[in-house]
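Mapping to numbering that gives the first Met the number 0: the sequence shown position 788 is 787, numbers consecutive. Here's the structure we're looking at; comments come further down.
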Amino acid sequence: MIADVNDRINAFGPRAAFDQLIAENNALIQLPDLDNGRYIVESRCAIYHGLMAHWAAEQVKKFDYTRPFAVVALGGTGRDEMTPCSDTDFALLFDDAIVGNKFVEVLQEQTIQSPTFRKLYGFDGGASPFNFDDVPSLKDKQLNAFLDMKAIYDPQGLTEQFRERIRGTYDRFEHFLHVSQAWRENWGTAASKNEQLDEYDIKTDGLRVFQAGIWTLAGKEFRHSHEIYQELADPRDLAAYYFLLRIRSFIHLHKNTRTRPTATGLHKEDLFGFSDFMALGELAGADADERTKYEFGNEVRSRFLSERRRVGQFTWGVIGGALKQGRTIRPGSAIVYGTGGLRDTATDRQTNEEKSRAAFAVILASQRYGLPIDPAGMETTFRDAGDWMIPVPELADLFNESRGSLADSMKFLAQLPGALDRVFPGFAKLESSIDARVMAQMKCLRGALLREKLRALERDLKVGHDALEAAVDPDHFKQTEFNFRNEVEAALLDDDHLAAIRLALFTKRLPQTSEDVAVRDNAYLPLYQRFSGGFSGVDLDRYYEDNFLACGFPPEILEIAKFLVVNRRVFKESAAIDLMNETTVARIVKLCSNESRLRALYIFTSADRTEWESENSFPERWFTIRELYVKAARQMSGNAHDPEEKLTKLGFDRGQLTVLRDFGKDFFGGIYWQSAGRFGGYLLNLLQDSRLNPYVSRIRIGSSDIFGVATKDDPGIAASISGAFWKIGVQISRAHLFSASNHGLALDFFHLAPPVPGVVYPSSAEISKEVAAAVVEKKYISLDDEINLPDVAINVTLSETGSELYQLRAETDGDVGALIYYLACKAFRRLRANIYGLAAHTGKDQAWVSVYLRLPSNMSFEDATCEVEGWSRK
Numbered sequence: 000m001i002a003d004v005n006d007r008i009n010a011f012g013p014r015a016a017f018d019q020l021i022a023e024n025n026a027l028i029q030l031p032d033l034d035n036g037r038y039i040v041e042s043r044c045a046i047y048h049g050l051m052a053h054w055a056a057e058q059v060k061k062f063d064y065t066r067p068f069a070v071v072a073l074g075g076t077g078r079d080e081m082t083p084c085s086d087t088d089f090a091l092l093f094d095d096a097i098v099g100n101k102f103v104e105v106l107q108e109q110t111i112q113s114p115t116f117r118k119l120y121g122f123d124g125g126a127s128p129f130n131f132d133d134v135p136s137l138k139d140k141q142l143n144a145f146l147d148m149k150a151i152y153d154p155q156g157l158t159e160q161f162r163e164r165i166r167g168t169y170d171r172f173e174h175f176l177h178v179s180q181a182w183r184e185n186w187g188t189a190a191s192k193n194e195q196l197d198e199y200d201i202k203t204d205g206l207r208v209f210q211a212g213i214w215t216l217a218g219k220e221f222r223h224s225h226e227i228y229q230e231l232a233d234p235r236d237l238a239a240y241y242f243l244l245r246i247r248s249f250i251h252l253h254k255n256t257r258t259r260p261t262a263t264g265l266h267k268e269d270l271f272g273f274s275d276f277m278a279l280g281e282l283a284g285a286d287a288d289e290r291t292k293y294e295f296g297n298e299v300r301s302r303f304l305s306e307r308r309r310v311g312q313f314t315w316g317v318i319g320g321a322l323k324q325g326r327t328i329r330p331g332s333a334i335v336y337g338t339g340g341l342r343d344t345a346t347d348r349q350t351n352e353e354k355s356r357a358a359f360a361v362i363l364a365s366q367r368y369g370l371p372i373d374p375a376g377m378e379t380t381f382r383d384a385g386d387w388m389i390p391v392p393e394l395a396d397l398f399n400e401s402r403g404s405l406a407d408s409m410k411f412l413a414q415l416p417g418a419l420d421r422v423f424p425g426f427a428k429l430e431s432s433i434d435a436r437v438m439a440q441m442k443c444l445r446g447a448l449l450r451e452k453l454r455a456l457e458r459d460l461k462v463g464h465d466a467l468e469a470a471v472d473p474d475h476f477k478q479t480e481f482n483f484r485n486e487v488e489a490a491l492l493d494d495d496h497l498a499a500i501r502l503a504l505f506t507k508r509l510p511q512t513s514e515d516v517a518v519r520d521n522a523y524l525p526l527y528q529r530f531s532g533g534f535s536g537v538d539l540d541r542y543y544e545d546n547f548l549a550c551g552f553p554p555e556i557l558e559i560a561k562f563l564v565v566n567r568r569v570f571k572e573s574a575a576i577d578l579m580n581e582t583t584v585a586r587i588v589k590l591c592s593n594e595s596r597l598r599a600l601y602i603f604t605s606a607d608r609t610e611w612e613s614e615n616s617f618p619e620r621w622f623t624i625r626e627l628y629v630k631a632a633r634q635m636s637g638n639a640h641d642p643e644e645k646l647t648k649l650g651f652d653r654g655q656l657t658v659l660r661d662f663g664k665d666f667f668g669g670i671y672w673q674s675a676g677r678f679g680g681y682l683l684n685l686l687q688d689s690r691l692n693p694y695v696s697r698i699r700i701g702s703s704d705i706f707g708v709a710t711k712d713d714p715g716i717a718a719s720i721s722g723a724f725w726k727i728g729v730q731i732s733r734a735h736l737f738s739a740s741n742h743g744l745a746l747d748f749f750h751l752a753p754p755v756p757g758v759v760y761p762s763s764a765e766i767s768k769e770v771a772a773a774v775v776e777k778k779y780i781s782l783d784d785e786i787n788l789p790d791v792a793i794n795v796t797l798s799e800t801g802s803e804l805y806q807l808r809a810e811t812d813g814d815v816g817a818l819i820y821y822l823a824c825k826a827f828r829r830l831r832a833n834i835y836g837l838a839a840h841t842g843k844d845q846a847w848v849s850v851y852l853r854l855p856s857n858m859s860f861e862d863a864t865c866e867v868e869g870w871s872r873k
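Structure follows, in structure tokens:
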């Protein structure tokens with residue numbers, strides 16, 4: 000066949016040869032012969048193969064390329080099974096570097112970057128280049144394509160070298176799982192569609208069903224499908240497959256369309272509808288009468304139904320037989336995968352170490368491949384594990400494994416009485432203990448809650464890796480910005496830090512810390528709080544080394560895990576500081592010492608607080624944590640933050656930036672700066688027209704629900720706005736107020752408290768209207784307003800903070816919104832203070848509010864303290 004293609008090329012040129020040969024092949028498809036399917040697809044493939052080989056030889060000659068080089072056909076193109084709408088699937092093989100290779104660049108310019116190849120040869124010749132360095136990364140669908148690799152142009156025998164290299168590196172068991180699971184999940188339902196006339200995909204529900212069986216056999220030694228074809232016991236199975244290809248060829252031609260394939264390689268042309276089934280009578284030929292076509296159509300449909308059932312039966316037998324016999328996970332392994340799941344087939348395990356290694360090896364395989372464990376193993380491999388299971392290297396492998404779910408592995412171990420306590424001393428006491436979360440949720444014990452944390456980390460990792468893979472510029476995610484995604488930060492962690500996070504999440508309350516001892520001795524605390532940690536009774540300094548160093552955990556992973564456990568509350572405690580300062584950032588930087596450890600502590604904290612004290616439940620705390628994390632990361636990385644560059648890209652000129660810069664480094668160096676683009680234009684307009692009303696807009700930063708207010712600066716703004724929120728029944732939990740003092744502008748941010756179930760707030764438009772009116776009309780700050788302030792303040796104090804700010808603090812057993820307004824109004828009217836920020840906190844029986852302010856130059860701290868002393872409720 001190839002010789003005929005070459006003769007046509009020599010006689011008429013490649014494009015004319017292609018057009019002639021395709022037309023002749025299309026004519027074959029129109030014939031009533033139902034048994035020429037193999038000849039049709041093989042001869043059609045020969046057209047593409049011959050033309051591709053001609054092109055490759057021409058390029059090697061033209062550019063005098065002397066290094067080993069080959070063009071191979073892959074997948075259906077490599078099996079000689081092309082139909083009119085099939086994709087061409089070729090690859091370029093090199094025993095040479097690909098990056099910077101001029102010959103590669105020339106070939107891709109012709110086939111991918113320009114229409115040169117299509118114009119000369121009549122079809123798309125796009126082909127990806129590969130060299131031996133790419134072989135270990137071949138997997139799943141791509142590995143399957145290389146299974147049916149066929150040399151098209153290969154003067155130096157590179158194709159077989161690639162096949163041998165793949166044989167030496169590919170995971171046979173993982174290939175089997177890819178084929179069998181895809182068949183079971185997607186193609187195994189084909190039998191239920193055999194009698195449908197409205198929707199049948201001949202590729203998915205017919206051809207791939209057969210191919211799954213062939214690939215199962217071929218994957219054992221990575222052989223070409225054609226080798227398996229020759230070994231089939233019943234030739235009718237292969238004949239059925241080629242009959243389906245015959246029908247596919249006809250339907251492709253009959254539809255007379257050519258659409259782009261989906262991401263999974265499927266074509267619209269492969270989808271049979273009722274009209275396509277009725278059209279099968281057309282195979283009788285154009286000259287046949289209606290009766291002949293009708294009867295021929297019934298004959299074709301009958302055989303079509305029979306052959307579809309045959310290919311399904313074939314693959315059921317192949318895969319079912321493989322599972323019945325059991326497929327080893329790797330050559331020489333005693334672990335096999337059978338109909339019941341994974342099991343250990345060895346019977347000579349004697350010592351505790353041998354039995355533990357075998358047991359954990361099965362669990363590791365289950366985690367890595369996402370497979371169930373054969374329940375029969377409970378009577379063999381895992382019987383009485385609580386009597387003999389010990390930490391072994393395979394345990395460390397569970398925590399280092401990047402695939403699968405560690406949470407599922409821990410859930411399986413939890414089914415084995417006493418096993419987890421032998422491996423993680425103190426676990427039995429922990430999993431049945433009661434802590435604050437168990438008391439609050441009243442749903443499950445702590446062992447299940449630990450697995451929730453692991454699952455949260457696993458979900459974040461998956462989402463993060465997917466985002467990085469899909470990103471056009473993955474380095475974009477590495478920029479230190481406040482709008483970072485937790486999932487991506489998790490995906491950026493290295494393997495050691497991830498393993499340490501997993502270990503710390505699962506064991507953090509098992510070692511005994513000085514804090515555990517102090518809490519246990521505190522008789523004023525409830526018992527569930529006093530006895531909520533340190534269950535092993537082994538000090539932290541010894542716990543990890545004594546239990547896990549000998550089983551294969553590297554010392555650096557154990558050291559990181561200890562660091563995380565010791566500092567598990569650092570972010571939470573740091574976030575308790577209402578207004579972050581550089582001292583807090585410097586403390587985190589010094590504590591973590593490098594970016595990897597900082598990221599690990601942040602992701603550990605995020606997973607550890609999933610659902611319980613999460614960002615959704617405590618948005619204001621996590622707002623501060625995120626800001627603290629980014630500021631610390633910037634210092635460590637030396638990644639200078641240049642908001643002005645970004646604002647310039649948004650269209651602000653130099654003069655306008657001078658105005659915005661007046662808001663100061665606290666604004667531009669913090670998390671709020673990203674709202675400058677949203678409010679900046681309006682602030683600049685206020686300079687030109689002071690009659691403009693304030694601009695009030697609802698924004699979202701992380702999980703924080705915030706109202707931003709851009710207006711002319713005035714000392715009473717905080718009191719007017721907090722009064723407006725209180726009057727309309729909207730609770731606020733925090734506020735930061737920024738001023739451009741040289742230009743008389745203010746940009747203030749008020750955080751809404753998490754909504755109370757059953758309480759409905761006014762709409763955003765209504766809130767914005769009320770806040771703007773309060774500022775314009777100077778509401779809620781008159782003498783009458785002060786006289787009628789709600790009497791809610793208890794223990795009002797004024798203290799120095801160690802910076803330029805003073806802290807005005809008060810408690811209440813009533814409405815926290817009323818207390819915020821009370822303090823803001825009093826600070827304005829009695830202290831003439833400039834309020835910089837405020838924060839509200841809620842305890843079990845009371846709330847307290849802190850207002851951070853600057854006193855006027857003519858008021859001393861002593862005078863202000865005397866004034867404040869009279870504010871408390873009598």
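No residue lacks a Cβ here, since even glycine has one placed at the ideal position from N, Cα and C. No experiment lies behind these values; they were computed from the predicted model shown.
* Asked: How close, in whole Å, do the beta carbons of Arg697 and Phe706 come, if the pair is a contact with beta carbons under 8 Å?
  -> 6 Å
* First and last residue of the beta strand (DSSP E) that includes Ile698? -> 694 to 700
* What separation, rounded to the nearest whole angstrom, lies between the Cα atoms of Leu563 and Leu524? -> 25 Å
* Which residues does DSSP pair with Ile793 in a beta bridge? -> Glu810
* Asked: Just how far apart, CA to CA, sit Leu686 and Thr796?
  -> 38 Å
* To do: Return the chain-ordered list of same chain residues with a C-beta closer than 7 Å to the C-beta of Thr623, the five sequence neighbours on each side being excluded.
  => Annotation for Thr623: Ala574, Met579 place their beta carbon closer than 7 Å to its own, counting only its chain and skipping 5 residues before and after.
* To do: Note down the Cα distance separating Glu430 from Trp847, rounded to an integer number of angstroms.
  => Distance between the alpha carbons of Glu430 and Trp847: 35 Å.
* Contacting residues, own chain, Cβ-Cβ under 8 Å from Val729 (five flanking each side not counted) -> Leu751, Tyr760, Pro761, Ile766, Gly816
* To do: Pick helix, strand or coil for Ala69, following the three-state DSSP scheme.
  => strand
* Asked: Is Ser721 helix, strand or coil when you go by DSSP?
  -> In the structure shown, Ser721 sits in a helix (DSSP, three-state: H, G or I).
* Asked: So is Cys591 buried or exposed if we call it buried at 16+ other beta carbons inside 10 Å?
  -> By the neighbour-count rule (16 or more Cβ atoms within 10 Å), Cys591 is buried.
* **Reduced DSSP category for Gly663 - H, G, I as helix; E, B as strand; rest coil** => coil
* **Residues of its chain near Gln634, where Cβ-Cβ distance is below 6 Å and the 5 sequence neighbours each way are ignored** => Val588
* Does the segment 384 to 397 come within contact of the segment 358 to 368, defined as at least 3 CB pairs closer than 8 Å? -> yes
* Kindly list the residues whose CB is nearer than 6 Å to the CB of Asp269, restricted to its own chain and excluding five residues on each side of it in sequence; keep chain order. => Asp200, Ile201, Lys202
* Okay, do the segment 285 to 301 and the segment 105 to 119 touch, 3+ Cβ pairs below 8 Å being the bar? -> The segment 285 to 301 is not in contact with the segment 105 to 119.
* Which residues share a DSSP beta bridge with Asn853? -> Here the sequence assigns Arg to residue 853, which means Asn is not the residue at that position. Partner(s): Asn833.
* **Residue nearest to Asp153 in terms of C-alpha spacing, selected from Ile8, Val59, Gln806** => Val59
* Ala734 - DSSP class collapsed to helix/strand/coil -> strand
* To do: Check Phe423 in the structure and name its three-state DSSP category.
  => coil
* Asked: Terminal residues of the continuous alpha helix (DSSP H) containing Thr76?
  -> 74 to 77
* Status (buried if at least 16 other CB within 10 Å, exposed otherwise) for Thr87 -> Buried.
* **When Arg222, Pro234, Val178, Arg454 are compared against Arg207, the one with the closest alpha-carbon** => Val178
* Identify whether Pro128 lies in helix, strand or coil by the three-state DSSP scheme. => strand
* Check whether the Cβ atoms of His174 and Gly205 lie closer than 8 Å to each other. => no
* Asked: For the 8 Å Cβ check, are there 3 or more pairs between the segment 45 to 60 and the segment 157 to 169?
  -> As far as the Cβ criterion goes, the segment 45 to 60 does not touch the segment 157 to 169, which means the pair count is below three.
* To do: Measure the CB-CB distance between Asn130 and Asp95 and report whether it falls below 8 Å.
  => yes
* Alpha carbon to alpha carbon, how far is Ala734 from Pro135? -> 54 Å
* To do: State buried or exposed for Asp63, treating a residue as buried only when at least 16 other CB atoms are found within 10 Å of its CB.
  => Asp63 sits exposed, since fewer than 16 C-beta atoms from the chains shown fall within 10 Å of its C-beta.
* What is the DSSP secondary structure of Tyr64, counted as helix, strand or coil? -> Three-state DSSP puts Tyr64 in coil, outside helix and strand.
* To do: Leaving aside the five residues before and after Ser127 along the sequence, list all residues of the same chain whose C-beta is less than 8 Å from its C-beta, in chain order.
  => Cβ neighbours of Ser127 beyond the five flanking positions: Ala90, Leu91.
* Using 8 Å as the Cβ pair cut-off and three pairs as the minimum, do the segment 809 to 826 and the segment 783 to 800 touch? -> yes
* To do: Excluding the 5 residues preceding and the 5 following Ala413 in the sequence, name in chain order all residues of the same chain whose CB lies nearer than 7 Å to its CB.
  => Leu419, Gly446
* Residue range of the unbroken beta strand (DSSP E) whose run includes Asp343 -> If you look at Asp343, you'll find it in the beta strand (DSSP E) that goes 340 to 343.
* Asked: By DSSP, does His53 sit in helix, in strand, or in coil?
  -> helix
* Asked: How many angstroms separate the CA atom of Ser689 from the CA atom of Lys711?
  -> 7 Å
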